[in-house]
Amino acid sequence: MTTQFYNRLSNDLTQLLESGVNCDGSIEVGEEDVSLVNIYKVHSIILQSRSPYFKKKFDEITFNENHVKVLKLPNISVKEFNIIIKYIYSGKISLEKLENSVLFNFLIASNELELDELVEHLQYHLVNNNASWLRLNFAQVYRTSYQVKNFKIIRDFCNDIIAKYPNTIFESENFHSLPEDALVSILKQDDLQLEESKIWEHVIEWGKAKNPNLPTNLDKWTSDNFLSLKRTLKGCLPHIRYFSFSNDDVVEKIYPYQQLLEHQLFSDITIKFIAPTKPISSIVLPPRKILKTILPTRIIPIPFASNIITNEHALEISSWIDKKEIPYIENNPYEFKLLVRGSRDGFDVYTFYNICDKVSKTIIILKVEGTGEILGGYNPLEWENNIDQWKVTKDSFTFSLKTANMKNSILSRVDDSFYAIYNCPSQLDLSFSSNLCLIDNLKTDKSCYCEEDTAYSKPIRSSKFLSASSEFKTDIKSLFSVEEYEVFKISLRK
Numbered sequence: 280m281t282t283q284f285y286n287r288l289s290n291d292l293t294q295l296l297e298s299g300v301n302c303d304g305s306i307e308v309g310e311e312d313v314s315l316v317n318i319y320k321v322h323s324i325i326l327q328s329r330s331p332y333f334k335k336k337f338d339e340i341t342f343n344e345n346h347v348k349v350l351k352l353p354n355i356s357v358k359e360f361n362i363i364i365k366y367i368y369s370g371k372i373s374l375e376k377l378e379n380s381v382l383f384n385f386l387i388a389s390n391e392l393e394l395d396e397l398v399e400h401l402q403y404h405l406v407n408n409n410a411s412w413l414r415l416n417f418a419q420v421y422r423t424s425y426q427v428k429n430f431k432i433i434r435d436f437c438n439d440i441i442a443k444y445p446n447t448i449f450e451s452e453n454f455h456s457l458p459e460d461a462l463v464s465i466l467k468q469d470d471l472q473l474e475e476s477k478i479w480e481h482v483i484e485w486g487k488a489k490n491p492n493l494p495t496n497l498d499k500w501t502s503d504n505f506l507s508l509k510r511t512l513k514g515c516l517p518h519i520r521y522f523s524f525s526n527d528d529v530v531e532k533i534y535p536y537q538q539l540l541e542h543q544l545f546s547d548i549t550i551k552f553i554a555p556t557k558p559i560s561s562i563v564l565p566p567r568k569i570l571k572t573i574l575p576t577r578i579i580p581i582p583f584a585s586n587i588i589t590n591e592h593a594l595e596i597s598s599w600i601d602k603k604e605i606p607y608i609e610n611n612p613y614e615f616k617l618l619v620r621g622s623r624d625g626f627d628v629y630t631f632y633n634i635c636d637k638v639s640k641t642i643i644i645l646k647v648e649g650t651g652e653i654l655g656g657y658n659p660l661e662w663e664n665n666i667d668q669w670k671v672t673k674d675s676f677t678f679s680l681k682t683a684n685m686k687n688s689i690l691s692r693v694d695d696s697f698y699a700i701y702n703c704p705s706q707l708d709l710s711f712s713s714n715l716c717l718i719d720n721l722k723t724d725k726s727c728y729c730e731e732d733t734a735y736s737k738p739i740r741s742s743k744f745l746s747a748s749s750e751f752k753t754d755i756k757s758l759f760s761v762e763e764y765e766v767f768k769i770s771l772r773k
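Sequential numbering of the sequence shown, starting at 280, is according to my numbering.
Written as C-alpha cells, this is what we have:
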C-alpha cells in the first residue's frame with residue numbers, strides 16, 4: 280500500500296514560491312506599460328517539469344549577468360497568471376469567485392502555456408457550471424473552440440447546441456466570420472435540425488461574405504464570379520445533402536448556382552428530379568435525421584438574480600421540484616423570485632421568518648464558509664413566524680449542488696413526511712429535520728449543522744462534516760457558518 284502526502288507537498292512548494300529562495304527565473308507578466316507588469320521570481324526546473332511550453336522557453340533563454348533567465352508573457356493578465364503560478368506549484372485551484380469572462384480567458388491562457396490538465400478541468404467546469412454564459416456568448420465561444428485544437432469538450436458542447444438549434448449560429452451576426460473548418464463540422468452533422476435548402480442558403484451567404492466584390496445581382500455574375508465562390512466553398516459543397524431537396528427547391532435554389540457543382544453531380548440532380556427511380560453515379564448522402572417532435576424555441580436564459588447559484592443550478596432544482604428523471608437543460612418552467620439575501624437583509628433566522636411569513640414554495644440556498652459547498656432545501660409549505668411546529672409534507676427535499684470541487688449534486692428527498700420541516704421561530708431554528716439545520720445567526724454564530732438523519736434519504740455533506748447525532752452538536756468540525764445565503768419564492772412562469 281502506498282501512502283500519499285500530497286497536501287504537505289503542495290504546501291511546501293507553495294511556501295517555496297512565496298519565499299523566493301534559489302529562484303533562477305523571472306517572468307514578466309502583463310502589457311508593456313511598466314505600471315501594468317508584474318514580475319514573478321520562479322524556479323525554472325519546476326515550471327519546466329510542469330509545462331512543455333516553459334520547458335521549451337527556458338531551454339531557449341540564456342542566463343543574464345545575475346544568473347537569471349527572464350521570460351516575458353505580455354498576452355496574459357496578472358490576474359490569470361496569479362492563479363496559474365499557484366496551480367503550477369501547488370496543484371490547487373479555486374474558480375468560484377471568477378467572472379465567466381475571466382474564466383474563459385483563463386482557459387485560453389492555460390492552453391497557451393500547455394497546461395493540459397488545467398485546460399481539461401476548466402472546460403468541464405465551464406460546461407457543467409457556466410453553460411448559460413457559454414450560450415449567451417455562443418458565437419465567440421464556438422469560433423474560439425475551433426481556433427484552439429485542445430478545446431474539444433467545449434466544441435462538442437457547442438456542436439450539440441447547434442444540432443438542436445442551428446439558427447443559434449446560422450442567424451448570428453458573427454456567422455460570416457465563422458472559420459471554414461467550423462462550418463464544415465456543422466454541415467457534417469447528420470442530426471442538424473434544419474431543412475437542407477435552408478442550410479444551402481446559409482452556405483451560399485457565408486461564401487458570398489468571403490467574396491465581397493461579387494455582384495449583388497446574380498444575373499450579372501460571370502463565370503469567374505462563380506469560380507471564385509466555388510473555390511471558397513470547396514470544403515463545404517461535398518457535405519450538402521442535394522438529394523434531400525424538394526423539387527421546388529431544386530429549381531429555385533440549386534439551378535441558379537449550378538456552376539458551383541461538378542458537371543456529373545448537377546446532371547444526377549437533374550435526373551433524380553425528372554426520373555426519381557433512375558440510377559445515378561454520384562454519392563448520395565443520407566438525409567438528415569430530423570426529429571419528429573418539434574424542438575421548443577430556444578429562449579436566451581434570463582439573467583439569474585443570485586450571487587450563489589447559476590442558471591444550470593436553477594434548472595436542476597426545478598427538475599427536482601417536478602420529479603424529472605432527466606433534468607431540464609433550458610427553458611426553466613419556474614421563476615425564482617429573490618426574497619432574502621443575507622448580505623442585504625441580514626443573517627438572523629428571525630429575519631428569515633419575518634420576511635417569509637405565510638410564503639410557500641421556497642428554496643433556501645446557502646454557501647458554506649470555508650468549504651465553498653452550496654447546500655439548500657425546498658419547502659412546498661408556508662413558513663410561519665408565530666408558531667413552533669413540525670410541518671408534514673412528502674415533497675420537500677435537501678441538496679448539495681455541484682461545484683468545481685464537487686463533481687455531482689446530491690439530492691435527498693424526504694422519507695418521513697411527519698418530520699419533513701421544523702418551523703421554530705422561538706428558538707431561531709429552521710430545519711429540514713436534522714438533514715439540514717439552520718440556527719441563530721447563520722454568519723456569526725457557527726451553529727448550523729447536518730446530521731445522519733432517517734427523515735431524509737441520504738446525507739448532503741461528506742461524512743467528515745456530519746454529526747453522528749444531535750448529542751454532538753457542539754462537535755466543532757461538524758458545525759458551520761454561512762458565507763452567503765438566499766431564499767427564493769418558486770412560481771410557474773406566466
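We put the beta carbon where it would ideally sit given N, CA and C, even for glycine. What you are looking at is a predicted structure, and each value in this text was computed from that prediction instead of being measured.
Check your understanding: Mind pulling the beta strand (DSSP E) runs of 3 or more residues that sit fully within the stretch 582-670?
Key -> 613-620, 641-647, 653-658, 668-670
Review point. Is the stretch 697-710 close to the stretch 618-634, with three or more CB pairs under 8 Å?
Key: yes
Review point. Which term fits THR556, buried or exposed, when burial requires 16 or more other beta carbons within 10 angstroms of its beta carbon?
Key: If you number the sequence shown from 1, residue 556 lands on position 277. So THR556 counts as exposed.
Exercise for review: Please state whether DSSP places VAL321 in a helix, a strand or coil.
Suggested key: Translated into the one-based positions of the sequence shown, residue 321 becomes position 42. Three-state result, VAL321: strand.
Point to revise | Where CYS727 falls: helix, strand or coil (DSSP) | key: The residue given as residue 727 occupies position 448 in the sequence shown. Of the three classes helix, strand and coil, the one that applies to CYS727 here is strand, per DSSP.
Check your understanding: If you count every other CB in all the chains shown that lies within 10 Å of the CB of SER749, and 16 or more means buried, which is it?
Key -> To locate residue 749, count along the sequence shown from 1; it is residue 470. In this prediction, SER749 has a pLDDT of 45, which is less than 50 and means its spatial position is unreliable; nothing more can be read from the coordinates.
Review point. Around the Cβ of HIS266, are there at least 16 other Cβ atoms within 10 angstroms (buried) or fewer (exposed)?
Key: Examination of residue 266 is not possible in this model, given that the chain is present from 280 through 773 alone.
Review point. Hey, would you say CYS515 sits closer than 8 Å to VAL482, going by beta carbons?
Key: For the purposes of this step, residue 515 is taken as the residue at position 236 of the sequence shown. For the purposes of this step, residue 482 is taken as the residue at position 203 of the sequence shown. The answer is yes: Cβ separation under 8 Å.
Point to revise | Cβ distance (whole Å) where SER323 is taken to contact ASP291 below 8 Å | key: Counted from its first residue, the sequence shown places residue 323 at position 44. Counted from its first residue, the sequence shown places residue 291 at position 12. Between ASP291 and SER323 the Cβ distance is about 18 Å, and since that is not below 8 Å, they are no contact.
Check your understanding: Around the Cβ of SER742, are there at least 16 other Cβ atoms within 10 angstroms (buried) or fewer (exposed)?
Key -> Along the sequence shown, one-based indexing puts residue 742 at 463. By the neighbour-count rule (16 or more Cβ atoms within 10 Å), SER742 is not buried but exposed.
Check your understanding: Among all the DSSP beta bridges, which residues are the ones paired with THR677?
Key -> Residue 677 sits at position 398 when you count from the first residue of the sequence shown. According to DSSP, which records beta bridges pairwise, THR677 is partnered with GLY656, SER691.
Check your understanding: Would you say GLN327 and LYS334 are within 8 Å of each other, going by their C-beta atoms?
Key -> Within the sequence shown, the letter at position 48 stands for residue 327. Within the sequence shown, the letter at position 55 stands for residue 334. Cβ distance < 8 Å, so GLN327 and LYS334 count as in contact.
Review point. Quick one, which of TYR368, LYS358, SER389, GLU396 has its alpha-carbon nearest GLU378's?
Key: Mapped onto the sequence shown, residue 378 falls at position 99. Closest option to GLU378, Cα to Cα, is LYS358.
Review point. So GLU614 and VAL638 are in contact, right, with Cβ under 8 Å, and what is the actual spacing, rounded?
Key: Working through the sequence shown from its first residue, we reach residue 614 at position 335. Working through the sequence shown from its first residue, we reach residue 638 at position 359. GLU614 to VAL638, Cβ: 14 Å. No contact.
Review point. CB-CB under 6 Å to ILE578, same chain, minus the five flanking residues each way: which ones, in chain order?
Key: Taking the sequence shown and counting its residues from 1, the one referred to as residue 578 is at position 299. Confidence in ILE578 is poor, its pLDDT being 44 and thus under 50, which makes the residue's placement unreliable; the coordinate value appears in the next sentence. ASN610.
Check your understanding: Based on the DSSP secondary-structure assignment, which residues constitute the bridge partners of GLU763?
Key -> Taking the sequence shown and counting its residues from 1, the one referred to as residue 763 is at position 484. GLU763 pairs with LYS646.
**Study point:** Neighbour-count burial assignment, LYS467, 16 or more Cβ in a 10 Å radius
**Key:** On the sequence shown, position 188 is the one that residue 467 refers to. Of the other Cβ atoms in all chains shown, fewer than 16 fall within 10 Å of the Cβ of LYS467; this residue is therefore exposed.
Check your understanding: Do the stretch 484-499 and the stretch 450-459 meet, that is, are 3 or more Cβ pairs less than 8 Å apart?
Key -> yes
**Study point:** Inter-stretch contact at 8 Å, needing at least 3 Cβ pairs: the stretch 337-351 / the stretch 387-403
**Key:** no
Review point. What residue range is occupied by the uninterrupted alpha helix (DSSP H) comprising GLY486?
Key: The residue you call residue 486 lines up with position 207 of the sequence shown. Run containing GLY486: 475-489, per the alpha helix (DSSP H) assignment.
Point to revise | Delimiting residues of the beta strand (DSSP E) encompassing LEU745 | key: Residue numbering aside, residue 745 sits at position 466 when the sequence shown is read from its first letter. It is not in any beta strand (DSSP E) - LEU745 carries neither H nor E in the DSSP assignment.
Exercise for review: Please go through the same chain and pick out, in chain order, the residues whose beta-carbon is closer than 7 Å to the beta-carbon of GLU393, but skip the five residues on each side of it.
Suggested key: One-based indexing of the sequence shown puts residue 393 at position 114. Taken in chain order, the residues that qualify are SER330, PRO331, TYR332.
Review point. By DSSP, does VAL308 sit in helix, in strand, or in coil?
Key: Within the sequence shown, residue 308 is the residue found at index 29, counting from 1. VAL308: strand per DSSP, three-state reduction.
**Study point:** Alpha-carbon to alpha-carbon, ILE642 and ILE363
**Key:** Your numbering for residue 363 matches position 84 in the sequence shown. Your numbering for residue 642 matches position 363 in the sequence shown. Approximately 36 Å between the Cα atoms of the pair.
**Study point:** Distance CB(THR682)-CB(GLY651) smaller than 8 Å
**Key:** Within the sequence shown, numbered from 1, the residue matching residue 682 stands at position 403. Within the sequence shown, numbered from 1, the residue matching residue 651 stands at position 372. Result yes, Cβ atoms of THR682 and GLY651 sit closer than 8 Å.
Check your understanding: By a C-beta neighbour count over all protein chains shown, 10 Å radius and 16 as the cutoff for buried, is LEU574 buried or exposed?
Key -> Locating residue 574 in the sequence shown gives position 295, counting from the first residue. No answer about LEU574 holds up, because its pLDDT of 49 lies below 50 and its placement is not dependable.
Practice item. Express the C-alpha separation of TYR444 and LEU471 in angstroms, rounding to a whole number. Key: The residue labelled residue 471 in the question sits at position 192 within the sequence shown. The residue labelled residue 444 in the question sits at position 165 within the sequence shown. Looking at the two C-alpha atoms, the distance is approximately 8 Å.
**Study point:** Burial state of GLU765, where buried means 16 or more other Cβ atoms lie within 10 Å
**Key:** Position 486 of the sequence shown, counted from the start, is the residue given in the question as residue 765. Buried: at least 16 other Cβ atoms inside 10 Å.
Practice item. Return the chain-ordered list of same chain residues with a C-beta closer than 7 Å to the C-beta of ASN664, the five sequence neighbours on each side being excluded. Key: In the sequence shown, counting from the first residue as 1, residue 664 sits at position 385. Same-chain partners within the cutoff: TYR632, ASN633, ASP636, PRO704.
Practice item. Have a look at the DSSP bridge pairing and note the partners of LYS768. Key: Position 489 of the sequence shown, counted from the first residue, corresponds to residue 768. Beta-bridge pairing links LYS768 to LYS616, THR641.
Check your understanding: Which partner residues does TYR366 have in the DSSP bridge list?
Key -> The sequence position of residue 366 within the sequence shown is 87, counting from 1. Paired residue(s): none; TYR366 is not in a bridge.
Practice item. Under the assumption that THR677 contacts LEU715 (Cβ atoms under 8 Å), give the Cβ distance between them as a whole number of angstroms. Key: Start at 1 with the first residue of the sequence shown, and residue 677 comes out as number 398. Start at 1 with the first residue of the sequence shown, and residue 715 comes out as number 436. Confirmed, Cβ separation roughly 5 Å.
Exercise for review: Determine the closest residue to GLN668 out of ASN658, LYS640, ILE700, with distance taken between C-alpha atoms.
Suggested key: Taking the first residue of the sequence shown as 1, we reach residue 668 at position 389. Among ASN658, LYS640, ILE700, the Cα nearest to that of GLN668 is on ILE700.
Point to revise | Between the CA atoms of THR282 and THR576 - distance to the nearest angstrom | key: Here residue 576 corresponds to residue number 297 of the sequence shown, with the count starting at 1. Here residue 282 corresponds to residue number 3 of the sequence shown, with the count starting at 1. Bear in mind that a pLDDT of 48 at THR576, under 50, signals an unreliable position, so the model cannot answer this.
Check your understanding: Since SER476 contacts ASP528 with CB under 8 Å, what's their CB separation in whole angstroms?
Key -> Against the sequence shown, residue 476 aligns to sequence position 197. Against the sequence shown, residue 528 aligns to sequence position 249. Correct: roughly 4 Å between the Cβ atoms.
Point to revise | Nearest-angstrom beta carbon gap, LEU493 and ASN504 [assumed within contact, 8 Å] | key: On the sequence shown, position 225 is the one that residue 504 refers to. On the sequence shown, position 214 is the one that residue 493 refers to. Going by Cβ atoms, the distance from ASN504 to LEU493 rounds to 5 Å, so yes, they are a contact pair.
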